[in-house]
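There are 2 protein chains.
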Amino acid sequence: MRFNFKVIFNILGLLLMLNGLFMLLCLPVSYYFIDHNWTSLISSGSISILTGFITWYLTRKSESKELRKRDGYLIVTLGWITMSLFGTLPYLISGSIPLFTDAFFETISGFTTTGATILNEIEQMPPSILFWRSLTQWIGGMGIIVLAVAILPFLGIGGMQLFVAEAPGFSPDKLQPRIRETAKRLWLIYVGLTALEIVLLKLGGMSYFDAFNHGLTTMATGGFSTKQESIAYFSSPFIQYIIIVFMFLGGTNFTLIYFGLKGRFLSIWRNEEYRTYTWGIIITSLIVTVVVFGGSGEDFEESFRYSLFQVVSIITTTGYVTADYTSWAPFATVLFLVLMFFGASAGSTSGGVKIVRHLILLKNSFLELKRQLHPSGIIPVRLNGKAIPPDINFNILAFIMIYITIFATGSILMAMMGVEFETAIGAVAATLGNVGPGIGDVGPASNYADIPLIGKWLLAFFMLVGRLELFTVLILFTPHYWQK
Amino acid sequence: MRFNFKVIFNILGLLLMLNGLFMLLCLPVSYYFIDHNWTSLISSGSISILTGFITWYLTRKSESKELRKRDGYLIVTLGWITMSLFGTLPYLISGSIPLFTDAFFETISGFTTTGATILNEIEQMPPSILFWRSLTQWIGGMGIIVLAVAILPFLGIGGMQLFVAEAPGFSPDKLQPRIRETAKRLWLIYVGLTALEIVLLKLGGMSYFDAFNHGLTTMATGGFSTKQESIAYFSSPFIQYIIIVFMFLGGTNFTLIYFGLKGRFLSIWRNEEYRTYTWGIIITSLIVTVVVFGGSGEDFEESFRYSLFQVVSIITTTGYVTADYTSWAPFATVLFLVLMFFGASAGSTSGGVKIVRHLILLKNSFLELKRQLHPSGIIPVRLNGKAIPPDINFNILAFIMIYITIFATGSILMAMMGVEFETAIGAVAATLGNVGPGIGDVGPASNYADIPLIGKWLLAFFMLVGRLELFTVLILFTPHYWQK
Chain Z
102 MRFNFKVIFN ILGLLLMLNG LFMLLCLPVS YYFIDHNWTS LISSGSISIL
152 TGFITWYLTR KSESKELRKR DGYLIVTLGW ITMSLFGTLP YLISGSIPLF
202 TDAFFETISG FTTTGATILN EIEQMPPSIL FWRSLTQWIG GMGIIVLAVA
252 ILPFLGIGGM QLFVAEAPGF SPDKLQPRIR ETAKRLWLIY VGLTALEIVL
302 LKLGGMSYFD AFNHGLTTMA TGGFSTKQES IAYFSSPFIQ YIIIVFMFLG
352 GTNFTLIYFG LKGRFLSIWR NEEYRTYTWG IIITSLIVTV VVFGGSGEDF
402 EESFRYSLFQ VVSIITTTGY VTADYTSWAP FATVLFLVLM FFGASAGSTS
452 GGVKIVRHLI LLKNSFLELK RQLHPSGIIP VRLNGKAIPP DINFNILAFI
502 MIYITIFATG SILMAMMGVE FETAIGAVAA TLGNVGPGIG DVGPASNYAD
552 IPLIGKWLLA FFMLVGRLEL FTVLILFTPH YWQK
Chain F
102 MRFNFKVIFN ILGLLLMLNG LFMLLCLPVS YYFIDHNWTS LISSGSISIL
152 TGFITWYLTR KSESKELRKR DGYLIVTLGW ITMSLFGTLP YLISGSIPLF
202 TDAFFETISG FTTTGATILN EIEQMPPSIL FWRSLTQWIG GMGIIVLAVA
252 ILPFLGIGGM QLFVAEAPGF SPDKLQPRIR ETAKRLWLIY VGLTALEIVL
302 LKLGGMSYFD AFNHGLTTMA TGGFSTKQES IAYFSSPFIQ YIIIVFMFLG
352 GTNFTLIYFG LKGRFLSIWR NEEYRTYTWG IIITSLIVTV VVFGGSGEDF
402 EESFRYSLFQ VVSIITTTGY VTADYTSWAP FATVLFLVLM FFGASAGSTS
452 GGVKIVRHLI LLKNSFLELK RQLHPSGIIP VRLNGKAIPP DINFNILAFI
502 MIYITIFATG SILMAMMGVE FETAIGAVAA TLGNVGPGIG DVGPASNYAD
552 IPLIGKWLLA FFMLVGRLEL FTVLILFTPH YWQK
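Sequence order for the protein chains is Z and F.
Using the numbering used here, read the first sequence as starting at 102 and increasing by one per residue.
Using the numbering used here, read the second sequence as starting at 102 and increasing by one per residue.
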């Protein structure tokens, strides 16, 4: 047999059981707020766990436990889709999102840590359902970590084998037992930082409920909020700075955070992507402060905070909002649209193209000008002092090209449905990049409720494609993949 | 000495003399219409010819006539800039465009065959000045042919050595005498087709003046018109179809037209770029007809003609307008913006990225998915049945990347000057792609008059960079180029 379907379904079964258990985690919230949703949560959870258990049980015995590369693409894609399908249950059964399309959009937006929402009145939602919504992002974030550390390098996607090559216990050849250790360690960091943020947000004056929810969605660079106004609701500068710091951490290569905890600060600073990430944010925020707010002396802190918050929020693909940046100036709209194509670090929970790919793109552009004069010389691209193999270099460029092709095609398709110009390109950029809010009618002051039905499915597809680094999903559409 | 400045200036001197002679060509028009501009034309022409002659005379004796690659970039870039600087004289001296920035914008828009205009009342302009305006595009077109056939392959830019490799007498290694023959032959085609179009437009009911002007600007895929309304002024379907055909020819690889005249139709049809170009136009026009106009049976011809005209006009980067497509539907705006990034065939007078590069990009994307599964196999990209060498393949991808980087950076800079979102990205896309009209406030129903001063200079720079296939200009900005 070409694919090891038994093992594939076995893993999907396990994921479903996990999904159900997380749903049951929302029960205490329902109990505390008496929001009358415990039946819908228990039934959602049971359906997930039961379906998962049956699938797992029926497939537990297979001749070979071995998984090949070809199986990997299928597991990852189906994994995210299955989670998103069953993740709709709490919304549907509770009736808080009655339409399946909307529920699926909201769930896949959660699991892909995008943060695009179709909800018009977030505060009217039952607290336990909002908690489930935040949880989907947090679970998605955990998935992304395994994906980045273990699965993508194994599948050889988009140069990922290179960017996280310094991860402890890393080997690009096969899934080693030590990879498990790495994933566990990075998960511990993820859980730890989430907990720390929740404590700090509570200290900053948030309610326990808000602190928990925002803690879950910050580290995942997800951006779902419990408030219609998003972070603009919390005017305290302390809270906003805390969130800035944790969005920044969420967009940092987790291996570097691990190094930081070990005190290896030099390894962090030697990392070119990290340096670009840090300086890029500082410089861009200062430019926004000066150009948009005129850098006026009096409320410099406030305008800098607004600028920094939005720059960090968009570049880390979190998507929290403290102010409607599309109303600031034409400059801000164009800039933030462009920033949606950046994404933060590889090996973080952020989506998009990622800074390291842009770095390599930029270096290639300069080198190509040099190559023009010396066509015979071989001039490799270097990252962190090491030459990048030509095939990986090429793969990275191909990645960005495919990304832009999907963006352009997607924008045309959205516009074909009658969606306005800015909204069409903003919606595609924001979902493909897993940012959340876009520009135009899906801008920071609005949401995706009014997107046409087919449009929502298309955008859901883009969230998935963007989240899984394009190749994982797209390869399933090539006839070559299915051939013997 | 590093550069052969003597020969460089000698050539620039020759170009200036030529420029002056062309200005004097407008005298009969001034005489016929009695528009009182013969003094300004004679003085403009004399200044150009005299400056050119002195430069040529002072540099006529040089130790070595040899030109190296490094000199080539400088000649081409300086050539276009010098022509554009002196080309402002008729506008400035006649007072028809009093501001230097505007005059320079209009002139470089001419010589780069872009067609972006700052003129608000075209019909109020003196006929002889309008004729000069059309001539700049026609001269630009001639320049582009030499560039494509002889210079770019010699400089090894953007895979150009490959696309026109089938041109008769072609050799990628050095400028051969036979290249001169090729250039002459293609010029003859250019001149012949221009003459043919002028005759046909006259037969279609245009005045001699309009026929001449539009003939000059169609084959150059320039798009300057003598009417404020552009081609919409000429409602005759015959005229519109004629212009469609000649825009199509202007966007066709001139070597293929040469083959056509020789009766080698199979060579034409075997050319992948040509096939994509033809089918792409037909299919896109049909989609626009159906989506925008509903493909209604009654006036199907008319809606198809409008669609076809705009698709051909934008994809060939001509920029003529028969209807304001940005008012059709959001779909049309997004589609035409994307089309601005296409450009027509390599070896034609059209600007932009060119279809062949998109073809190679697309093929690479599919192959990269295949390479994912077989990382060890070497899978080359093929064009017209031949494998493309890896370095050229890479150069093409780098070209597109740099193109998009300039587009994104340019849009941010334009927006920084307070230009609205659509206008900012539309203006950059339309000038970098040498299209002319963009979207938003620089859309087909409007012009570039209200762009801020610095913005006009920036856009002028983009026209130049786009026209000279990026590398020719950008390489001058690398320190490496100037080093010993």
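Using N, Cα and C, we set each Cβ at its ideal position, and we do this for glycine too.
- In the DSSP assignment, residue 574 of chain Z falls within the alpha helix (DSSP H) that extends over 572–575.
- Within the stretch 345–388 of chain F, the complete alpha helix (DSSP H) segments at least 4 residues long are 355–362, 366–370, listed from N- to C-terminus.
- As the crow flies, the alpha-carbon of residue 367 of chain Z is around 13 Å from that of residue 359 of chain Z.
- For residue 161 of chain F, the secondary structure class from DSSP, reduced to helix, strand or coil, is coil.
- Between residue 439 of chain Z and chain F, the shortest Cβ-Cβ separation is below 8 Å.
- What residue 496 of chain F touches in chain Z, judged by beta-carbon distance under 7 Å, is 469, going in chain order.
- Rounded to the nearest whole angstrom, the C-alpha separation of residue 147 of chain Z and residue 231 of chain Z is 19 Å.
- For the pair residue 135 of chain F and residue 361 of chain F, the Cα-to-Cα distance works out to about 42 Å.
- Around the beta carbon of residue 581 of chain Z, fewer than 16 other beta carbons sit within 10 angstroms, so the residue counts as exposed.
- No Cβ of chain F is located within less than 8 Å of the beta carbon of residue 178 of chain Z.
- Under the Cβ criterion of 8 Å, residue 517 of chain F is counted among the residues facing chain Z.
- In the three-state reduction of the DSSP assignment, residue 168 of chain F falls in the coil class, being assigned neither a helical nor a strand state.
- DSSP places residue 525 of chain F within a helical segment (H, G or I) once states are collapsed to three.
- For residue 404 of chain F, the CB contacts under 6 Å within the same chain, skipping 5 residues up- and downstream, are 390, 394 in chain order.
- Residue 538 of chain Z does not reach chain F, its nearest Cβ partner there being about 16 Å away, counting only Cβ pairs nearer than 7 Å.
- A straight line joining the alpha-carbon of residue 178 of chain Z with that of residue 219 of chain Z spans about 23 Å.
- Residue 487 of chain Z is bridged by DSSP to Z:484.
- Under the criterion of beta carbons closer than 8 Å, residue 117 of chain F and residue 156 of chain F qualify as touching, at roughly 7 Å.
- Those residues of the stretch 498–513 of chain Z placed with their C-beta closer than 9 Å to a C-beta in chain F are 498, 499, 500, 501, 502, 503, 505, 506, 509, 510, 512, 513, ordered along the chain.
- Identification of chain Z residues near residue 466 of chain F by a Cβ-Cβ cut-off of 8 Å yields 499, 502, 503, 506, ordered along the chain.
- Taking 9 Å as the cut-off between beta carbons, the residues of the stretch 411–432 of chain F near chain Z are 427, 430, 431, 432, in sequence order.
- Distance from the Cα of residue 120 of chain Z is smallest, within the candidate group Z:482, Z:145, Z:110, for Z:145.
- Taking 9 Å as the upper bound on Cβ-Cβ separation, chain Z lies near residues 388 of the stretch 368–391 of chain F.
- Closer than 8 Å to the CB of residue 483 of chain F there is not a single CB belonging to chain Z.
- With respect to the 8 Å criterion, residue 461 of chain Z and residue 443 of chain Z are not classified as neighbours on the basis of their beta carbons.
- Here DSSP, grouped into helix, strand and coil, assigns residue 518 of chain F to coil.
- For residue 310 of chain F, the uninterrupted alpha helix (DSSP H) segment begins and ends at 309–320.
- 572, 575, 576, 579, 581, 582: these are the residues of the stretch 552–584 of chain Z whose beta carbon lies less than 8 Å from some beta carbon of chain F, given in chain order.
- Sequence-distant partners of residue 330 of chain Z (beyond 5 residues in either direction) whose C-beta falls short of 8 Å from its own C-beta, in its chain, are 422.
- Residues of chain F with a Cβ closer than 9 Å to the Cβ of residue 457 of chain Z do not exist; the shortest Cβ-Cβ separation is about 15 Å.
- Within 8 Å of the CB of residue 523 of chain Z, the CB atoms of chain F belong to 522, 523, in sequence order along the chain.
- Put simply, the CB of residue 199 of chain F is far from chain Z, with every gap to its CB atoms at 8 Å or more.
- Look at the beta carbons and you see the stretch 225–241 of chain Z not touching the stretch 333–344 of chain Z: under three pairs across the two are nearer than 8 Å.
- Look at residue 285 of chain Z: its C-beta is not under 8 Å from any C-beta on chain F.
- Of the candidates F:114, F:350, F:504, the residue whose Cα lies closest to the Cα of residue 161 of chain F is F:114.
- Residue 154 of chain Z has its alpha-carbon roughly 52 Å from the corresponding atom of residue 510 of chain F.
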